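**Student:**
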Amino acid sequence: MKKELLIKEKQAKRTNPLAHVFDDFIDFCQSKSLFMLHYCTGCGAIELPPAMTSRFDMERLGIQPMVTPRQADILLVTGYVSVKTLKRVILTYEQMQAPKYVIGICSCTVNGGMYWQSYATAKKLNDYMPVDVYIAGCMPRPEAVLEGLQRLKENIKNDRKQQKGSAWKEYFANYDTYLGNQQHLFGDDWQTPVDIIAEAKLYGLEGEGTYGKNTEKLAKVQQPLLPQEMKL
Amino acid sequence: MNLLDQFFILIAVALLSITVLRNFRINDKMAPLWYGLMVVMLVRMAAVAYDGATLTSAFNIEILGFNMHWQFNALSWFFAIITVVAALASAIFMSGDWGRQYRELYEGQGGNYGLLQLALILNVASMLLLLASGDLLSLFIGWEFVSWASFLMMVLMPSKTAKKAAVKYVVYAMFGAMALLAALAIIYSNSVSFSGSLEFEQITQVFAGMDKGPQFSLALLFFIAFAIKMGLLPFHLWQAVAYAETPGPGAAFLGAISSRMGLFAMIIVIIQFIGLGHLQGMSIGLPFINMQTLLAWIAALTTIIPTYIALQQHDAKRLLAWHGVGQGGYMLLGLIMFDSIGSAGGLMHVLNHASYQAALFLTVVAVVYRTGTSDLNKLGGLVTQMPLSFLVMLIGIIGLAGLPPMNGFVSKWMVYRSLLLNGEPLLFVAAVLGTLGTILSVYKLIHNTFLGQLRVEHQNIREVPWSMMVPMLGLSAIVFITGFMPGLILPWIASVQETIGLPVIIHHLGGIEYAKGGLDMIWVSGILFYGFGVGALIFYFLGSKAKRVHQYDNYAGGHFLSADVKYHYSNNFYPGLMHLIGDWYRGSFKWMEQVIVSALSFVSKLFENMYRSRQPVMLLVIVVVVALFSIYKNTAGVSS
Amino acid sequence: MNGLHILSELLLMPLIAFVVGLMMVLMMRKISARIQRRIGPPFFQPIYDIVKLYGKDTQISHGLIHDIGIIMAVGGYIGAEILLPVPGMEGIADKGGIITLSYFLMIPSLGMALGVGQCANPNGSIGISRALTSMLAYDVPFIIVVFGAAWHYQSTSLVGMIEYQQMNSWGIVEMPFLATAGLFALQGMLGKQPFEIYIAPAEIATGPMVEMSGKYMGGLFVMQTFQLYTAGVLYASLFLGGGESWLSLLPKAFLVVAIPMSIAFMFPRYKTEDVIRILWKWPVMLALIGLAFIL
Amino acid sequence: MNDLNNKLNDILSRVNGIKITHKRNRRVRVDVPADSLTTLLELIKGQASYVHLSAITCVDWIKDNEFELVYHVWSYEENCLISAHTRIDRDEAKFVSVYDLYKPADFFERDIYEMYGVFFIGSPRMEKFILTEWHGMPPMRKDFDSEAYVQETFNWTEYNPDWLQELTDQGGGIAIKPEDIRLSGCLHNMATHRQRDKLKATQKVGKGWKS
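Protein chains in written order, with my numbering: chain L, 13 to 244; chain P, 16 to 655; chain F, 1216 to 1510; chain E, 703 to 913.
1. Counting pairs of beta carbons, one from the region 414-431 of chain P and one from the region 350-369 of chain P, are three or more of them closer than 8 Å?
2. Is the distance from the Cβ of P:E159 to the Cβ of P:A192 below 8 Å?
3. What residue ranges within the region 740-768 of chain E form continuous alpha helix (DSSP H) runs of no fewer than 4 residues, ordered along the chain?
4. Quick check on this structure: which residue in P:N587, P:K562, P:A271, P:L394 has the alpha carbon closest to the alpha carbon of P:T98?
5. If F:M1304 sits next to F:M1228, beta carbons under 8 Å apart, how far is it from one beta carbon to the other, in whole angstroms?
6. From the DSSP output, in three-state form, read off E:N891 for me.
7. Please classify F:D1264 as buried or exposed, where buried requires at least 16 neighbouring CB atoms within 10 angstroms.
8. What is the residue span of the alpha helix (DSSP H) that P:N82 lies within?
9. Please report the straight-line C-alpha distance between L:Q162 and L:S66, rounded to a whole angstrom.
10. Using CA atoms only, rank isn't needed, just tell me which of P:L171, P:M401, P:P173 is closest to P:F465.
11. How is P:P486 classed by DSSP in three states: helix, strand or coil?
12. Determine whether the Cβ of P:L377 lies closer than 8 Å to any Cβ atom of chain L.
13. Thinking just about the alpha-carbon of each residue, which of P:F74, P:A102, P:V221 is nearest to the one in P:W49?
14. Since I believe P:V430 is in contact with P:L348 (beta carbons under 8 Å), could you give me their beta-carbon distance rounded to a whole number of angstroms?
15. Using a Cβ-Cβ cut-off of 8 Å, state whether E:M892 counts as contacting chain L.
16. Compare the C-beta of L:Y131 against all C-beta atoms of chain E and say whether one is closer than 8 Å.
17. What is the rounded straight-line gap between the Cα of E:M892 and the Cα of E:D712?
18. As a quick exercise: from F:P1302, F:Y1431, F:I1377, F:P1498, pick the residue whose alpha carbon is nearest that of P:F556.
19. Quickly, what does DSSP pair P:H522 with across the bridge? List them, please.
20. Would you call E:H890 buried or exposed, if buried means 16 or more other Cβ atoms sit within 10 Å of its Cβ?
21. Taking L:V206 as the query, report the chain P residues whose CB atoms sit under 7 Å from its CB, ordered along the chain.
22. Cutting at 8 Å between CB atoms, please list the residues of its own chain near E:I832, excluding the five before and the five after it.
23. Just to confirm before moving on: does the CB-CB distance between P:M142 and P:E260 stay below 8 Å?
24. What are the residues of the region 86-97 of chain L that lie near chain E, defined by any Cβ-Cβ distance shorter than 9 Å?
25. When the cut-off is 8 Å and only beta carbons count, does F:A1417 lie next to chain L?
26. Cα separation between E:Y851 and E:W836?
27. Beta carbons nearer than 9 Å to chain E: which residues of the region 182-204 of chain L have them?
28. If the criterion is Cβ atoms closer than 8 Å, does the pair P:I282 and P:L90 meet it?
29. Shortest alpha-carbon distance to P:Y187 belongs to which of P:N624, P:G296, P:A234, P:K244?
30. Would you kindly report the start and end of the unbroken beta strand (DSSP E) that includes L:Q76?
31. Quick one: residues in its chain with C-beta nearer than 6 Å to the C-beta of P:A27, no 5 flanking neighbours on either side, listed in chain order?
32. If you draw a straight line from the C-alpha of E:W865 to the C-alpha of L:E166, how long is it?
33. Beta-carbon within less than 7 Å of L:Q107's beta-carbon, same chain only, minus the 5 sequence neighbours each way: which residues are those?
34. Take E:R729 as the anchor and find which of E:S785, E:Y818, E:A807 has the nearest alpha-carbon.
35. By the three-class DSSP mapping on this structure, what secondary structure does P:R37 have?
36. Are the region 1358-1373 of chain F and the region 493-505 of chain P in contact at 8 Å, needing three or more beta carbon pairs?
Next up, the structure:
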């Protein structure tokens, strides 16, 4: 309750026009500097080196590859995601720090692609995590990849201005739905070490759909990993 | 009755009290009090430390025409205050819960808490006796006392390695004592004017009247005697294991100061009375290698080799004990430069080393108290459970590694500065190599104990009780304050330098004054803390609040971490380095030691077999022949 | 030297270091891009990166020591910047000396090592183990170089060294071997290509930085700017005569930083033991030859 | 070469009910009844140096209601591969492990157990191997309907962008829509479609299947 009040207060303070300037500046920088984590699940990964190196040079757009989810802003899922991999992709996504964006590259992330009838391949990536941009194709050319990244940059720049919720906020606000889909696939005892609900509470990102019957199910099986406090 | 006599009486009373009361609980309260009183007495004697005065005790003994007397000068005072403060810290530490645990664990299995208290006071008393010695004979007496008192302390841990190490130590110590005795005998027989006591001044006289050869052997005998106690190369093998296996606070006390008695004697004999002139006069083989360079190189190698042995250890206590051996090298390296900055650095390093070594040992003992192990491969992540101990260890390792702003930096800086001024590039590199090795090894120490993954079995342990925390915090406060304001200590050092006839350092509160690059720790620490302040401002005022996460919420390539996966990176912490230098650990010294031991045991077996042989008549014949021969020889000598 | 002067130095020196460091980061990335025939990042890219990292909405911390590690890493370098003499601001720099400074440079490493340690990530610990090992490797030639310079100028104060060089000739002219060895050690100190085993992105996930998010990573980016600046200015003070003015100091510093960058991309990555082997062999040999000339 | 073949034939012919086919020079196919397979393997390992078990594969002959297990055994000395085929009952789906003879059989048998549900008696680790999250019918069995499972388990993305709409409006667009394929089953395998429907009716497919 107190936290909500604080958030409201914070939002009230934002009437200061300069505050918007500051926010816009940060948004601008965010759109100009993107660290991407390429989760190379499939063949689409092969198109990334040309996009990064001298032919197309992503760095001129401010996009750099990073290797851990902690540092990254974009999660590039390049190719089909098997159910087992999906668990890891979800963990990786949850370990990324907001604002975080997901790009699904290749048709496989859209609908399973050529693996559409495979029992082992997850079909629709945005059932399990909010995907900002899909770059379809089998595989998409580096031009397409860059086009998609440019589209993402535009989105980032405009999101806060247009009062649109960013996709990553969806994950917190509709956690119950996403969790439900994950549980459907992995069973009811599914959990990651990242406590999304606690995170949503801490940063005031809770929404209507954060809690629900799926999170109740989770609460029953979850072994909460509280941070170790220093104690004297 | 002057202050020194009162001090001796106090020591005697304390010794008596602890001897009588050692098995009663009241002793736990009394023992720290006695050490506290000793500190007070030493503070009252502060005039010695600041003015370079000498207090001579009224108490003296005359045996067989030898007069033994005791005195206190700035040098003795400097070592005495370190000794007593270290003892105070150890006594407070062991008087509370640690003592209780020790009783529960070891009483009846060879450990004896009362005896441990007694061993501590005996150590302190004998060390003070040694420090107060006024002539060579009292030095020798004190020397023997110190050796046996340390032995008593070392055997109080009921383990086989402890016993073995203690026996090894005693063998080494006896060898050293014999060397000292032989040196005394040489001095006695070469004295021109013997006045009833073996005064220190006679060393200078005897040296002046000797040829190069005997000079060299005399210096060597003294060196062997003192180097063994100090653990200098090549006599470094006994110390680490023996100290590491001593019961907790005892190890802290011994590690802090005990082996520095060797340095004390070395300062008196080699620095003060043999002097630079003689050392440089004694050239060995090549003309540019003289005794001074030899000692300097021994010191430099002592910094390197034990430090890199420490790097290999995976037991926290042994690691620290090996560093104790290594740091001794810096002290001698500074002193052997015979200039104001170097010797001040060497002397100051005694105090600095004692403070952080005791703090580190006590921290490790605290960890052992809670977890029951000092094996670095079985610990980890304790920082959340024991934050204050972590703080103490952090301060200690910064001191040990010689980084600003702790006191280890000041003394090491002085040693480096002196090596720079004297143009000794290789010694300089050797000293820095030692420091770098220390940084590597102490990071391993703190990482493997306090950082990284917390083991499941350690999830419920808590900080150690205050009786253990207070001495640890006190020692770390000393480490920090003397680092921040070395000027508090430097007057003592200057007075010591004056006493032993070295050039005196020009100092101020923040450090030392020197035309081409001095050191002002107040500025240095100030700048550092300013930097930390700005860093903290940047950190806390920019950016959003951070979410605290559990250790299992960790990037492991998408892997789900859980309690049954031990992912703490601790064993063989520096594999790359060990790939390269691992082959250089040949254990040559150990091999040498074993060769000597086997040779000795072979000879002793030989004699034993002779005694046990079936023809005792043979023995009789041999004895008779030898006796007759010697009688003949002597009578022949007389008749001619 | 009055209080105001000191205050301005305390405030300005880290600030200048930061700005110059940003330019150096940009230069570094531009050089690497040009060598790989890319266009490279836009002019303000280093600022975008840092602002973005500090502007992250959420971030994680593994505990207090994790935070303190970053503070120590940034703070240690801020302290080091203040001890570096630059034109017009030599007042406080005189309080330290080359020995103090070279020890100051170890504090950020220690801080970072502590912070990474609390993260309890094995990749991080492996990275730290490698970083400390390579510190052992490059510090040996570096310390010989420092000794040589201090002996040659008969001073441990950087201010004194710069004065000597400006009155006589530059260190690089008088001690070419030592200067070369110093450059070699610099490559290791900056962790550039043959010696970047402790970062090893594909292998141990950037080692020490593995758990750094948001402002933690931002702190490290800030640290990198300081690191480049320190390396450039320190080397310029030791061998290139410091600077009479900023106009002469900055080109030197940029040049010094540009050299390792330009060489870096010709090399693969050495194993840890090879890092030690090569750094203990060639630069040490060069430095010892240099020492033999000046002693 | 003939010598070798003769020798091998001698050895092989000691096995009951064996049928030897020399497919090529160094490829021998043998068909043995299930109960003499181990005898065969023991013989060729012990007497003819076939020490390397390259793979065990499984084929589901659903019409015959049988599983065919194929043991590929290689000899380094004769550079010859023997593929021993044997058939076991599909409903029973149990066979004896050859782990005692060939240690690598452990993995192959585990894999087959997971993918086909053939239980190997005496194999050391008959447990999950790759499909750690899988609880349904072994997915390589012919009666497992992957499409049905997919339809039941996953959702599909609606993909109808403007440009495609425009094309469609102009009379172009995609000839066969993905939805049509998904809902009607495999295009290229229409013939077996009816049969699969029949199977679907008789067997419960998906999560409820327990081995």
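Backbone N, C-alpha and C define an ideal beta-carbon position, used for all residues, glycine too. What you are looking at is a predicted structure, and each value in this text was computed from that prediction instead of being measured.
**Tutor:** For this structure:
1. yes
2. yes
3. none
4. P:A271
5. 6 Å
6. Unreliable positioning characterises E:N891 in this predicted model, as indicated by a pLDDT of 48, which lies under 50. A coordinate reading is not provided.
7. buried
8. No alpha helix (DSSP H) holds P:N82; the beta strand (DSSP E) holding it covers 81-87.
9. 18 Å
10. P:M401
11. helix
12. no
13. P:A102
14. 6 Å
15. Residue confidence is low: E:M892 scores 46 on pLDDT, short of 50, so the model does not pin down where it sits. No coordinate-derived value is stated.
16. yes
17. Residue confidence is low: E:M892 scores 46 on pLDDT, short of 50, so the model does not pin down where it sits. No coordinate-derived value is stated.
18. F:Y1431
19. P:I527
20. Interpretation of E:H890 is limited by its pLDDT of 44, a score under 50 that renders its predicted location unreliable; the figure taken from the coordinates is listed afterwards. Exposed.
21. D568
22. D813, E816
23. no
24. V95, K96
25. yes
26. 12 Å
27. N193, H196, L197, F198, G199
28. yes
29. P:K244
30. 75-78
31. none
32. 21 Å
33. P81, R82, V206
34. E:S785
35. coil
36. no
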